[in-house]
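Report on the structure given below.
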Amino acid sequence: MDLEKAMQTLPPGARAVFVLHDVEGYKHEEIAELIGVATGTSKAQLHRARRLLREVLVR
Amino acid sequence: MTCSEAELRLDDFVDGTLGEREFQELELHLAGCDACRRQERDLRELLEQASALPRELSPSRDLWPDVAERLGPRSAFRLPWRGPALSGWLPATLAAAAALAVAFVWLGRADRITDDQRQAATAPSGLARPAGFSPEPGAMFETEREYAQATSALLAALEQRRELLAPETLRAVERDLQVIDEALAEIRKALAQDPDSGPLNHLLASTHQKKVKTLQRVEKLSRI
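These protein sequence lines map, in sequence, to chains A and B. 62 is the number that the working numbering gives to position 53 of the first sequence; each next residue is one higher, with no gaps. 369 is the number that the working numbering gives to position 38 of the second sequence; each next residue is one higher, with no gaps.
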């Protein structure tokens, strides 16, 4: 599976943070402001997204 | 350091945001742990692929060059969409918009926003007609018309996909759009008093551009 398809399997919150941080290059503080969550939530969502994507991509 | 502790720190490690002590501890752990080194390698590969994806939703047409030409040279205002990532997000227009929002609250005027302004400020389906929009011929009429078309198209696309967005993201976008629309309404009022003001005309155009960028960003989120 390629990355773009794998990203579609992510929950919306994790996908949004992954796109903003790892594709668009935004910082957690900026993402928190943009999507209305705490900075810690942004970090947790990114960790979750990266872990889920690695799991999907190595299958 | 255990493998679980290492796994929790890998994100900060590859992002370069881990403190020095933890960085050294993790490096030591990775040197002796094949499984965690494999995790690190997979993570770096993932980030490399992610950084190779397109970074911006391509607009059907960038309106700014035409608008800038109509408005002529500009002195004090920095374009809000220039610069890397979010560093170009806020400076001139959103700061102005945020300041206006604060001013609304501070002056206790939030409850005096007219129904038209409220309708124009309601995202994503509220852009039937911009608040305070005065259809007079001239450069700014053309600018308003073109940006209204651009935002309407984006709002329509967003409306079709809004269920794909997280509720907190929708709330944040609606909040941003409301602030921007309120700023637009205030700028139009000021322009009605001073229609030839270069800075005000530039501020109106750049605030419109800000709205387009906001909608492009969220529309992209709904598509990926």
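Even for Gly, the Cβ is constructed at its ideal location relative to N, Cα and C. This one's a predicted model, so the numbers in the text were calculated from it and none came from an experiment.
Quick one: residues in its chain with C-beta nearer than 7 Å to the C-beta of residue i, no 5 flanking neighbours on either side, listed in chain order?
i        : result
B/Met332 : Glu356, Leu357, His360
B/Leu417 : Low confidence applies here, because B/Leu417 scores a pLDDT of 34, under 50, leaving its location unreliable; read the following figure in that light. So no residue of the chain qualifies.
B/Leu374 : Leu341, Val345
B/Arg440 : Residue placement at B/Arg440 cannot be trusted, given a pLDDT of 30 that sits under 50; what the coordinates show is reported in the next sentence. Hits under 7 Å: none found.
B/Ile518 : Leu531, Leu534, Leu535, Thr538
B/Leu546 : Thr482, Leu485, Leu486, Leu489
A/Ile44  : Ala25
B/Asp343 : Leu349
A/Ala58  : Leu19, Ala23, Arg24, Val26, Phe27
B/Arg443 : A caution first: B/Arg443 carries a pLDDT of 33, below 50, which makes its placement in the model unreliable, though a value can still be read off. So the list is empty, once near-sequence residues are dropped.
B/Phe354 : Phe344
State buried or exposed for residue i, treating a residue as buried only when at least 16 other CB atoms are found within 10 Å of its CB.
i        : result
B/Leu339 : exposed
A/Val32  : buried
B/Ser537 : buried
B/Thr348 : exposed
B/Ala383 : exposed
A/Ala41  : buried
B/Val436 : Low per-residue confidence applies at B/Val436: pLDDT is 33, beneath 50, and the placement is therefore not dependable enough to give any value.
B/Cys367 : buried
B/Glu550 : buried
A/Ala25  : buried
A/Met16  : buried
B/Arg548 : buried
B/Ala523 : exposed
A/Lys14  : exposed
B/Ala381 : buried
B/Ala497 : buried
B/Ala362 : exposed
Go through its chain and collect everything with a Cβ distance to residue i's Cβ below 6 Å, but skip five positions before and after it.
i        : result
A/Gly22  : Gln54
B/Val433 : Low per-residue confidence applies at B/Val433: pLDDT is 35, beneath 50, and the placement is therefore not dependable enough to give any value.
B/Pro318 : This structure gives no information on residue 318 of chain B, because the portion of chain B shown stretches from 332 to 555.
A/His37  : Thr48, Ser51, Lys52
B/Ser528 : none
B/Asp507 : Thr545
B/Tyr326 : This structure cannot settle anything about residue 326 of chain B, because the visible part of chain B is limited to 332 through 555.
Got a sec? Which residues, its chain only, sit under 8 Å from residue i by beta carbon, not counting five neighbours each side?
i        : result
B/Glu499 : none
B/Ala521 : Ser528, Leu531
A/Leu12  : Leu62, Leu66
A/His30  : Lys36, His37, Ile40, Ser51, Leu55
B/Asp525 : Leu531
B/Asp446 : Low confidence applies here, because B/Asp446 scores a pLDDT of 38, under 50, leaving its location unreliable; read the following figure in that light. So the list is empty, once near-sequence residues are dropped.
A/Met10  : Val65, Leu66, Arg68
B/Cys364 : Cys334, Ala337
### Message
By the 7 Å beta-carbon criterion, what residues does the stretch 337-353 of chain B contribute toward chain A?
### Response
Asp342
### Task
Just list the beta strand (DSSP E) runs in the stretch 484-555 of chain B, keeping only unbroken ones of 3 residues or longer that don't cross its boundaries, in chain order.
none
### Task
Using a Cβ-Cβ cut-off of less than 7 Å, give me the residues of the stretch 41-54 of chain A that come near chain B, in sequence order.
Leu43, Ile44, Gly45, Val46
### Query
Which residues, in chain order, does the stretch 355-375 of chain B contribute to contact with chain A at a C-beta distance below 7 Å?
Asp373, Leu374
### Query
Using Cβ-Cβ distances below 9 Å, what residues of the stretch 512-532 of chain B are close to chain A?
For the stretch 512-532 of chain B, the set of residues with a beta-carbon nearer than 9 Å to any beta-carbon of chain A is empty.
### Task
Below 9 Å between beta carbons is the criterion; list the residues of the stretch 57-68 of chain A that meet it against any residue of chain B, in chain order.
Arg59, Arg60, Leu62, Arg63, Leu66, Val67
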